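*Asks:*
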Amino acid sequence: MRSARRTLYGEGRDAAEEALTSMSGMPHPSRVLVTGASGFLGGYVVRDLAEHGHTVVATGRNLTALRDLGDAAADLIVGDLSVLPEHRTEVDAVIHAAALSTPWGRRADFERANVAGTRAAIEFARRNGARRFVLVSSPSVYAAPRDHLGLREGDADPRNRLNEYIRTKLAAERLVIDAQARGVVPEAVILRPRGLIGVGDPSLVPRLLRVYERIGVPVFGDGSQLIDVTAVENVAAALRLSLDHGDPRAGTYNVTNGDPRPFGALLDQLLDACGLPPRHRRLNRRVAYAAAGVLEGVCGVLPTRPEPPLTRYTVTTIAYAQTLDISAARADLGYEPLISLDAALERIGAAYRATSACAGHPAAGAPVQQSAPAAASPRAVGAPRHGDPPARLTRYVCGSTHHDLAAMFRGAPRERRVFPSACYLFDDGAGRRVLFDTGYAALPWDTGTSGALYRRLLPPVIEPHQTIAAQLLADGIDPGSVSHVVLSHAHPDHIGGLGAFPDAELLLSEGVAMSLHAPKIREGVLGGLLPDGWEARLQIVCDASFAPAEVAPGVTLDAFDPWGDGAYRLVHLPGHARGHLGALVDDAVLLAGDASWGAEFVPHARELRLVPRLIQHQPHAYARTAALLGDAAGAGLRVLFSHDTDDTRVVLP
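Just so we're aligned: the sequence shown equals residues 1 to 653 in full-length UniProt numbering.
Next comes the structure, spelled out in structure tokens:
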């Protein structure tokens, strides 16, 4: 799944990058713990340290991303930072890169991630004998609605409360400073890298490109305000250098590429690298800042606290000039930004062009590559692979809706029928957990008039304990351990729980990606249910990747095997919704989503009344798919639909 991304990371090593790899960090190899190693920056840091001879202990919540580090990580610690101090493994240093870095969210979430998380990392360092503690902080602490050029490390306002991210990053810095002063950690260094960009970036560039697709990139004034950004490779090198350089008394250092550019020109260069034409939306920064304040106030009092379309923090970062003085990092760390900004933008553009190759889809997601088939002898259905525990498929009912059968099917009796909304967790026994759909989101929904119309037609019933996240936790499963989420399609009862899986990669078809990218109530898609940053995690299965495969004797469907081991194949089930997918698990169970309202309704697919027929994306294809699934079930394949009333919990083994 990630091989294409790794290839992009390794392509185009030029003289500057070779020079970067020669920048020396600790004079002798050391053992270093890196938190947030499953994240964007953390992954680069782990690889950079390993390339320079350090032994790395990598910790993060996403097991799949950690495993993708390969030999770069000598040891893995999987889980939340709260349990980190319980682990015993001697280290020479800790690089604390884990953080919740978003412009909007709940105070408790920021406190837990950025303050309690830093406290836990410091305690780990103390218990395991770390000599030096390096904190990845943020130049967001300088944010203010005015132009700032040449900001030095002492210019941060300790009372800055523009948002919870800034407040908690300042609190994290104070924790580190205090820990060093009290001798809890003998040495400490704090880095403030600005505007990280690079291949794999889940935040900055994807956000800009999403806005570009919708309204054009906002440019304030004439776009001449200077801003600093930083190639992620340079930040990784600076962190390595900080292991043995810099003021050990919590010395604080700005890190950038040292190449300020006008915001408008930088945007145009990025768009050109991505093969996109310039498209700007001119805005007045004072008006935008005031409007953002109003939007924050409105969203802050809504029950779900949705992220505003514009925040004051966002305005301060792109509407006002902000450049950082990096002379201290150059003098004390020996830091030089050797990956140029031009080279970084070219790499991002190349990655974007490659990953949006599926039918010109504009979302910043990667097309899935077919994995090489696993070398394995034939095995029984559900049998262990390579000595791993048996595969397990578990059904979770995450809410329901109800409807009158007589209003749905011609000739049906008047009967109010409850239709459960099911999703399925597949655990292959070897660390891969794949969730098929996510059920309803907890009520209320902040989805406007479209959501109100949808709830009137198909009233959702969902209690807090019925959400997929709550049920997984009740089963002792950390939602963060889910490596992949497959979305059969984009309707609310399938995408509602997506926000509980911020680290999981999203596997979906071209059609589903298009529906999510431009939500339409006509297609039953409510954009307000999508969590922030979802597009950065897309793995789009191009239509051309599917090939005919026999799923049951005499029954052929178009299928794609994303992992190449035959354990979990995606199948096209056209008709109900654009790009509708199913999943064939262990050649024994076909998860069919909404290809029918349920097994008992498969024979009646052509008897839909007018309104439910109009809801189908392609009514004739819907009927043909239902007939094929009926044949597959008749041939012995177990076919499960999302709205089946089957009470079975454990489907496999």
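Where is the CB? At the ideal position from N, CA and C, for every residue including glycine.
No experiment lies behind these values; they were computed from the predicted model shown.
Please name the residue or residues paired with aspartate 75 in a DSSP beta bridge.
*Replies:* Within the sequence shown, the letter at position 75 stands for residue 75. Partner(s): Val57.
*Asks:* Which runs of the beta strand (DSSP E) fall wholly inside the stretch 199–224 and span at least 3 residues, in chain order?
*Replies:* 217–220
*Asks:* So the alpha helix (DSSP H) asparagine 234 belongs to, where does it begin and stop?
*Replies:* Here residue 234 corresponds to residue number 234 of the sequence shown, with the count starting at 1. Here the alpha helix (DSSP H) through asparagine 234 covers 232–241.
*Asks:* Between alanine 383 and leucine 584, what straight-line distance do the alpha-carbon atoms span, to the nearest angstrom?
*Replies:* For the purposes of this step, residue 383 is identified with residue 383 of the sequence shown, where counting begins at 1. For the purposes of this step, residue 584 is identified with residue 584 of the sequence shown, where counting begins at 1. With a pLDDT of 37 at alanine 383, under the threshold of 50, the predicted position of this residue should be treated as unreliable, and no value is reported.
*Asks:* Ignoring anything shorter than 4 residues, give me the alpha helix (DSSP H) runs that lie fully in the stretch 384–460, in order along the chain.
*Replies:* Complete alpha helix (DSSP H) runs here, min 4: 405–408 and 448–457.
*Asks:* Does the distance from the C-beta atom of glycine 216 to that of arginine 281 stay below 7 Å?
*Replies:* What you label residue 216 is simply residue 216 of the sequence shown in a count that begins at 1. What you label residue 281 is simply residue 281 of the sequence shown in a count that begins at 1. Contact: yes.
*Asks:* Rounding to the nearest angstrom, what Cα-Cα distance links residue 659 and arginine 312 in this structure?
*Replies:* No information on residue 659 is available, as it lies outside the stretch 1 to 653 that the chain covers here.
*Asks:* Here's a check: name, in chain order, each residue in its chain whose Cβ is nearer than 6 Å to the Cβ of valine 301, leaving out the five neighbours to either side.
*Replies:* Here residue 301 refers to the residue found at position 301 when the sequence shown is read from its first residue. There are no such residues.
*Asks:* Between glutamine 618 and the rest of its own chain, which residues show a CB-CB distance below 8 Å, the 5 nearest in sequence each way excluded?
*Replies:* Here residue 618 is taken as the residue at index 618 of the sequence shown, counted from 1. The answer, listed in chain order, is Pro574 and Gly575.
*Asks:* Who are the Cβ neighbours of aspartate 594 in its own chain at under 6 Å, not counting the five residues just before and after it?
*Replies:* Within the sequence shown, numbered from 1, the residue matching residue 594 stands at position 594. Only His576 and Ser642 meet the Cβ criterion.
*Asks:* To the nearest angstrom, how far is it from the Cα of glycine 630 to the Cα of glutamate 523?
*Replies:* The residue given as residue 630 occupies position 630 in the sequence shown. The residue given as residue 523 occupies position 523 in the sequence shown. Cα to Cα, glycine 630 sits roughly 26 Å from glutamate 523.
*Asks:* DSSP puts arginine 353 in a beta bridge; with which residues?
*Replies:* Sequence index remark: in the sequence shown, residue 353 carries index 353 (1-based). BP columns for arginine 353 are empty, so no partner.
*Asks:* Which term fits lysine 520, buried or exposed, when burial requires 16 or more other beta carbons within 10 angstroms of its beta carbon?
*Replies:* The residue given as residue 520 occupies position 520 in the sequence shown. Per the 10 Å Cβ criterion, exposed.
*Asks:* From phenylalanine 110 to leucine 610, what distance separates their C-alpha atoms?
*Replies:* Here residue 110 refers to the residue found at position 110 when the sequence shown is read from its first residue. Here residue 610 refers to the residue found at position 610 when the sequence shown is read from its first residue. Distance between the alpha carbons of phenylalanine 110 and leucine 610: 49 Å.
*Asks:* So, for glutamate 164: in the same chain, excluding its five sequence neighbours on each side, which residues have a beta-carbon less than 6 Å away from its beta-carbon?
*Replies:* Position 164 of the sequence shown, counted from the first residue, corresponds to residue 164. For glutamate 164, same chain residues with a beta-carbon under 6 Å away, outside a window of 5 residues either side, are Arg107 and Phe110 in chain order.
*Asks:* Taking the alpha-carbon of threonine 252 as reference, which of Val94, Ile227, Ala552 and Asp155 has the nearest alpha-carbon?
*Replies:* The residue given as residue 252 occupies position 252 in the sequence shown. It is Asp155 whose Cα lies nearest to the Cα of threonine 252.
*Asks:* Measuring alpha carbon to alpha carbon, tell me which of Leu226, Ala121, Val56 and Gly70 ends up nearest alanine 319.
*Replies:* Here residue 319 refers to the residue found at position 319 of the sequence shown. With distances taken between Cα atoms, alanine 319 lies closest to Leu226.
*Asks:* Pick from Leu393, Pro562 and Gly451: whose alpha carbon is nearest that of valine 650?
*Replies:* Here residue 650 refers to the residue found at position 650 of the sequence shown. Considering only alpha carbons, the answer is Leu393.
*Asks:* Among the residues of its own chain, which have a CB less than 6 Å from the CB of glutamate 346, if the five just before and after it don't count?
*Replies:* The sequence position of residue 346 within the sequence shown is 346, counting from 1. In chain order, Ala273 place their CB closer than 6 Å to the CB of glutamate 346, counting only its own chain and leaving out the 5 sequence neighbours on each side.
*Asks:* What residues match up with aspartate 558 in a beta bridge as DSSP calls it?
*Replies:* Here residue 558 corresponds to residue number 558 of the sequence shown, with the count starting at 1. DSSP lists Pro548 as partners of aspartate 558.
*Asks:* So what does DSSP say about glycine 36, is it helix, strand or coil?
*Replies:* Sequence index remark: in the sequence shown, residue 36 carries index 36 (1-based). Looking at glycine 36 - three-state DSSP - the assignment turns out to be coil, as it is neither helix nor strand.
*Asks:* Tell me whether valine 434 is buried or exposed, calling it buried when 16 or more other Cβ atoms sit within 10 Å of its Cβ.
*Replies:* The residue given as residue 434 occupies position 434 in the sequence shown. Buried, by the Cβ-count rule.
*Asks:* The beta strand (DSSP E) spanning glycine 150 covers which residue range?
*Replies:* In the sequence shown, the residue the question calls residue 150 occupies position 150. Unbroken beta strand (DSSP E) run through glycine 150: 148–151.
*Asks:* In angstroms with no decimal places, state the Cα-to-Cα distance between threonine 648 and arginine 395.
*Replies:* Against the sequence shown, residue 648 aligns to sequence position 648. Against the sequence shown, residue 395 aligns to sequence position 395. Per the coordinates, the alpha-carbon of threonine 648 lies some 7 Å from the alpha-carbon of arginine 395.
*Asks:* Identify every run of the alpha helix (DSSP H) within the stretch 557–593, keeping only runs that are complete inside it and at least 4 residues long; order them along the chain.
*Replies:* none
*Asks:* Going by CA-CA distance only, name the one from Leu506, Thr556 and Val571 that's closest to alanine 545.
*Replies:* Here the question's residue 545 lines up with position 545 in the sequence shown. It is worth fixing the name first, because residue 545 is serine in this sequence and not alanine. The residue among Leu506, Thr556 and Val571 with its C-alpha nearest the C-alpha of serine 545 is Val571.
*Asks:* Among all the DSSP beta bridges, which residues are the ones paired with threonine 252?
*Replies:* The sequence position of residue 252 within the sequence shown is 252, counting from 1. Partner(s): Ile190.
*Asks:* Whole beta strand (DSSP E) runs in the stretch 140–179 with 3 or more residues, listed along the chain?
*Replies:* 148–151
*Asks:* What is the DSSP secondary structure of threonine 304, reduced to helix, strand or coil?
*Replies:* Residue mapping note: residue 304 aligns to position 304 of the sequence shown, counting from 1. Note: threonine 304 maps to coil in three-state DSSP.
*Asks:* At which residues does the alpha helix (DSSP H) containing glutamine 269 begin and terminate?
*Replies:* Here residue 269 refers to the residue found at position 269 when the sequence shown is read from its first residue. 263–273 is the extent of the alpha helix (DSSP H) around glutamine 269.
*Asks:* Beta carbon of alanine 265: closer than 6 Å to some heavy atom of the ligand SAM?
*Replies:* This structure lacks the ligand SAM, and indeed carries no ligand of any kind.
*Asks:* Considering only C-alpha positions, which residue in the set His494, Glu123, Gly411 and Gly448 is nearest to tyrosine 440?
*Replies:* Residue mapping note: residue 440 aligns to position 440 of the sequence shown, counting from 1. Here the closest residue by C-alpha is His494.
*Asks:* Give the secondary structure of threonine 323 by DSSP, where H, G and I count as helix, E and B as strand, and everything else as coil.
*Replies:* Walking along the sequence shown from the start, residue 323 turns up at place 323. Residue state, collapsed to three classes: strand.
*Asks:* Closest to leucine 457 by CA distance: which of Glu296, Val56, Asn257 and Ile615 is it?
*Replies:* Here residue 457 corresponds to residue number 457 of the sequence shown, with the count starting at 1. Taking each of Glu296, Val56, Asn257 and Ile615 in turn and checking the Cα distance to leucine 457, the smallest one comes out for Ile615.
*Asks:* Using the three-state DSSP reduction, which class does glycine 636 fall into: helix, strand or coil?
*Replies:* Residue 636 sits at position 636 when you count from the first residue of the sequence shown. Coil, per DSSP.
*Asks:* How long is the line joining the alpha carbons of valine 551 and arginine 207, rounded to whole angstroms?
*Replies:* Taking the first residue of the sequence shown as position 1, residue 551 is located at position 551. Taking the first residue of the sequence shown as position 1, residue 207 is located at position 207. Near 40 Å, if we compare the C-alpha coordinates of arginine 207 and valine 551.
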